[in-house]
Structure formats: structure tokens, C-alpha cells
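The block underneath contains the structure these notes are about, expressed in C-alpha cells.
Protein chains: 2
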Amino acid sequence: MRMSQLSAESGISIATIKYYLREGLLHQGEQVAATRAEYDESHLRRLRLIRALLEVGRLPITSIKKVIEAVDDENMPVHDMLGTAHYALSPAVEAGDGEEWTAAREQVDHLLAELGWQVSRNAPPREELAQTLVKIRQLGLNADLTPYARAAHQLVTEIELDTVPLDGPRDAAVEALVLGTVLYGKAFDALRRLAQESESARRLKVSPPAQEGA
Amino acid sequence: MRMSQLSAESGISIATIKYYLREGLLHQGEQVAATRAEYDESHLRRLRLIRALLEVGRLPITSIKKVIEAVDDENMPVHDMLGTAHYALSPAVEAGDGEEWTAAREQVDHLLAELGWQVSRNAPPREELAQTLVKIRQLGLNADLTPYARAAHQLVTEIELDTVPLDGPRDAAVEALVLGTVLYGKAFDALRRLAQESESARRLKVSPPAQEGA
Chain A
12 MRMSQLSAES GISIATIKYY LREGLLHQGE QVAATRAEYD ESHLRRLRLI RALLEVGRLP
72 ITSIKKVIEA VDDENMPVHD MLGTAHYALS PAVEAGDGEE WTAAREQVDH LLAELGWQVS
132 RNAPPREELA QTLVKIRQLG LNADLTPYAR AAHQLVTEIE LDTVPLDGPR DAAVEALVLG
192 TVLYGKAFDA LRRLAQESES ARRLKVSPPA QEGA
Chain B
12 MRMSQLSAES GISIATIKYY LREGLLHQGE QVAATRAEYD ESHLRRLRLI RALLEVGRLP
72 ITSIKKVIEA VDDENMPVHD MLGTAHYALS PAVEAGDGEE WTAAREQVDH LLAELGWQVS
132 RNAPPREELA QTLVKIRQLG LNADLTPYAR AAHQLVTEIE LDTVPLDGPR DAAVEALVLG
192 TVLYGKAFDA LRRLAQESES ARRLKVSPPA QEGA
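So the protein sequences, as listed, match chains A and B.
For the first sequence, our numbering gives the first residue as 12, with consecutive numbering after it.
For the second sequence, our numbering gives the first residue as 12, with consecutive numbering after it.
Set out below in C-alpha cells:
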């Protein structure tokens with residue numbers, strides 16, 4: 012297809028597509044004449060991935076470049092490629108030190124070992140979890156996160172990873188991982204707060220509002 | 012206790028305590044002499060609440076004022092007071108309209124009815140969930156959120172609400188709700204991403220790194 016059709020099918024303006032080509036985020040089309048290049052499915056797929064990283068993942072262009080490099084490096088195993096995207100989505104954590112942090116990191120190690128999860132030593136969510144645990148312990152809240160881990164594991168194994176096509180095109184796998192990680196995360200967070208309101212109403216014996224028909 | 016002791020016990024500087032007093036976030040102490048006021052447990056509790064709203068909830072001072080007003084209004088039922096704090100924590104959603112939004116809102120209503128959850132019509136997480144569903148449907152992802160809802164409900168009823176003392180001091184209940192909502196939410200999010208990495212490694216038969224002893 013020509014660039015005008017690529018733009019129409021992807022919903023991305025020609026100016027933006029040209030920008031992605033210049034930045035090396037999108038691979039060049041096949042030059043079929045001096046002033047004409049042909050684009051195909053692989054370009055559409057790549058544009059979908061860029062949009063997912065940009066609009067849903069909200070990653071800066073420099074991070075998107077790194078993810079695209081991993082996708083384009085066919086020698087990089089799929090698991091490492093997914094990890095590159097995944098780690099780019101992780102919020103930055105100001106790692107601390109001192110006894111509290113050491114204890115929290117040990118608890119994270121211990122929890123992961125007990126669950127039998129296979130997670131890289133330098134996975135950023137480890138530090139995120141340690142940071143949250145430091146706060147939870149400082150505040151004297153219940154620091155046993157096993158039930159949360161079990162619930163997370165169940166959702167991930169029974170639903171989320173099924174939406175990631177691990178043996179298809181590399182862009183498609185990364186796109187699905189990013190969308191699933193961000194969107195199901197948001198959905199769960201909203202549902203959890205709705206569940207809190209409902210459970211608070213039940214415990215405090217609040218009667219349902221009269222107009223709540225439906 | 013005197014203000015210096017209140018400062019020492021709460022870890023909050025005298026200048027900041029004076030600022031909270033001026034802003035009406037903290038109630039005045041008992042004036043025992045022209046230049047001396049006495050503070051008690053209720054002041055310590057209130058300072059803990061302000062810190063939770065500020066540092067963990069990351070609320071702006073205007074929102075904190077609204078929450079404190081709800082705590083101080085003894086005529087406001089506990090459920091509504093908790094709702095005031097809870098809704099203040101909700102991210103702002105740019106509500107949309109059109110067919111896609113109508114369909115997503117209907118799906119949220121339907122899901123909540125099916126689960127038998129008692130949630131106010133104007134609860135902000137409803138719109139958050141609708142917004143996420145619009146995106147999930149546009150992208151052709153699995154839009155059945157029932158498993159997420161059930162997992163959220165289980166964690167909230169079996170663990171989270173137990174940490175909120177519903178029949179104690181009003182500040183303490185709001186403080187526990189805010190801390191639990193934010194911190195367990197962060198913990199779950201990090202655990203979910205760790206579970207994704209682990210499940211990806213399992214499906215792609217990645218061997219555990221040799222140095223991963225422990």
C-alpha cells in the first residue's frame with residue numbers, strides 16, 4: 012500500500028508517519044519508484060505498537076526507541092524483548108538503604124522464593140515492592156502480601172498471558188503485553204475501589220439509595 | 012502535652028504544626044495559660060491522618076481540607092466520611108460521550124448489578140472503569156472483567172476492610188482507608204508485574220539464571 016493508505020488504515024497522519032520513519036521507529040517501505048514506496052502489514056503492526064507504547068504506556072520517545080530496538084533485534088530472545096518493554100513501563104523508584112530497606116528486600120526475595128516465581132534479580136518491580144513494604148511496615152500495617160501475590164498470579168496465568176501471542180510477530184507480542192499490563196492494571200484498581208465502597212456499605216449497614224433501580 | 016512534645020512525638024516540625032493550626036486542619040489545643048496550650052492524643056491522631064493524606068495519598072491541601080471537614084462533621088455518617096476521602100483519591104477522568112461510552116457505562120452497571128455490589132451512582136471509579144473499558148474494547152482485548160472483580164472483592168473483604176477500624180475515632184478510620192487503598196494498590200500492581208515476568212519465563216521455557224541461588 013502507499014503511504015496515504017497506510018495513514019488511512021492506521022489513523023495516523025502522514026506527517027507523523029514520516030516523523031517515525033526519520034526517527035527509525037518505523038522501518039522504511041520498499042522503494043518501487045524514485046518517489047514511491049510500498050508499505051505492508053508489518054508497517055501497520057509497527058504503528059499499532061508505537062501507538063500502544065505512546066498512548067497507553069505513556070512512554071517517552073527515548074524509551075520507545077529502546078523497546079523498538081529490542082523488537083527489531085531478532086537475536087534477542089522473546090522473553091528478554093518482553094522484559095525490555097515491561098521494565099520501561101515500571102515507575103522509577105528511589106531506592107533507599109538502611110536496615111528497613113534490607114529487611115524489605117529480604118521479604119521480597121523470600122516471598123518470591125516461596126511462590127516459586129522466576130524473576131530476574133534486577134526486575135524493577137522488586138524495588139517498587141520493597142519500597143511499598145518499607146512504608147507498610149513503618150505504618151504498622153499488615154505486611155503479609157501472600158494473598159495479593161496469589162490473586163495476581165491467578166489473573167496473570169489464567170487470563171493476561173493468554174492475550175499475549177508468544178509465537179507470532181514480535182511487535183504484536185510487545186503490543187499485547189503493554190496494553191494488557193496497563194489497561195487490566197487500571198481496571199483492577201478501579202474495581203478494587205468499587206469493592207471497598209460496597210464492603211464499607213455492607214459493614215456499616217448503609218441502605219441502598221432508593222433510586223438505584225436497574 | 013506541649014507543642015514541643017507534640018512535634019517530637021509526631022515527627023512534624025513546630026512550624027508545620029502551626030501552619031496546620033492556622034489552616035484549620037488541626038484543632039486548637041486547650042489554652043491552659045496565656046502563652047501555653049495543651050495537646051493530646053486527638054492531635055497526634057490528626058497529624059497522622061494529615062501525613063497519610065499528604066505523603067501517601069499525595070492529595071493537595073484543598074482536598075485535604077475537604078476530607079478533614081468530613082472527619083470533623085460528626086453528623087456525617089462514617090460511610091459518607093470514608094467516601095469523601097476515597098473519592099478524593101480517585102484520579103480525574105475526562106468523561107466522554109457517544110455510543111462507546113454509553114456501552115461501557117452499561118457494562119459497568121451490569122457488572123456491578125451481577126456482583127451485587129452496593130456502589131453510589133456518582134462513585135468516580137465507575138467512570139474510571141468505563142474509560143478503561145472503552146479503550147479495552149477499541150483495542151479488541153478481552154472485556155470480561157468478572158475475574159478481576161472477584162479477585163478484588165476477595166482481597167477487600169478478607170483483608171483490607173479488616174484494617175479499617177469502623178467503630179473507633181473517625182480520623183483513624185480515614186487514615187487506615189487511605190493507607191490501605193494506596194499502599195496495597197501499589198503492592199498488588201508490583202506483584203502483578205512480577206507474576207507476568209515469571210509466567211512469561213515459564214511459557215517461554217527460560218532457564219533460571221545460574222547465580223539465582225537463595
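The C-beta atom is built at its ideal place from N, Cα and C for all residues, glycine as well.
Keep in mind it's a predicted model, so treat the numbers as computed, not measured.
Contact between residue 96 of chain A and residue 167 of chain A does not hold, since the beta-carbon distance rounds to 16 Å and is not under 8 Å. A contact between stretches requires three or more CB pairs, one per stretch, nearer than 8 Å, and the stretch 46-62 of chain A fails this requirement with the stretch 143-163 of chain A. One Cα belongs to residue 214 of chain B, the other to residue 84 of chain A, and the distance between them is close to 21 Å. For residue 62 of chain A, the enclosing alpha helix (DSSP H) has its first and last residue at 52-62. Cβ atoms of residue 90 of chain B and residue 211 of chain A come within 8 Å of each other, at about 6 Å. With distances taken between CA atoms, residue 14 of chain B lies nearest to B:39 out of B:188, B:35 and B:39.
For residue 159 of chain B, at least one C-beta of chain A is nearer than 7 Å to its own C-beta. Among the residues of chain A, those whose CB is under 7 Å from the CB of residue 210 of chain B are 167, 168 and 172, following chain order. For the 7 Å CB-CB criterion, residue 200 of chain B and residue 82 of chain B do not form a contact. Neighbours of residue 147 of chain A in chain B, taken as residues at a C-beta separation under 9 Å, are given in chain order as 190, 194, 195 and 198.
Residue contact with chain A for residue 55 of chain B: absent (no Cβ-Cβ distance below 7 Å to any residue of chain A). Taking each of A:63, A:197, A:16 and A:50 in turn and checking the Cα distance to residue 187 of chain A, the smallest one comes out for A:63. The beta-bridge partner set that DSSP reports for residue 49 of chain A consists of A:41.
Where residue 146 of chain B is concerned, the enclosing alpha helix (DSSP H) starts and stops at 135-149.
Around residue 39 of chain A, no beta-carbon contact reaches into chain B at under 9 Å, the shortest distance being about 27 Å. Here residue 127 of chain B is exposed. Its C-beta has fewer than 16 other C-beta atoms within 10 Å. If the five residues before and after residue 107 of chain A are omitted, its C-beta is found closer than 8 Å to the C-beta atoms of 142 and 145, all from its own chain and listed in chain order. Taking 8 Å as the upper bound for CB-CB distance, residue 100 of chain B and residue 193 of chain B are in contact here, some 7 Å apart. Around the beta carbon of residue 203 of chain B, a 10 Å sphere encloses 16 or more other beta carbons of the protein chains shown; the residue is thus reported as buried. Out of B:33, B:103, B:34 and B:206, the CA that lies nearest to the CA of residue 129 of chain A is found in B:206.
Going by beta carbons, residue 159 of chain A and residue 198 of chain B fall inside the 7 Å limit.
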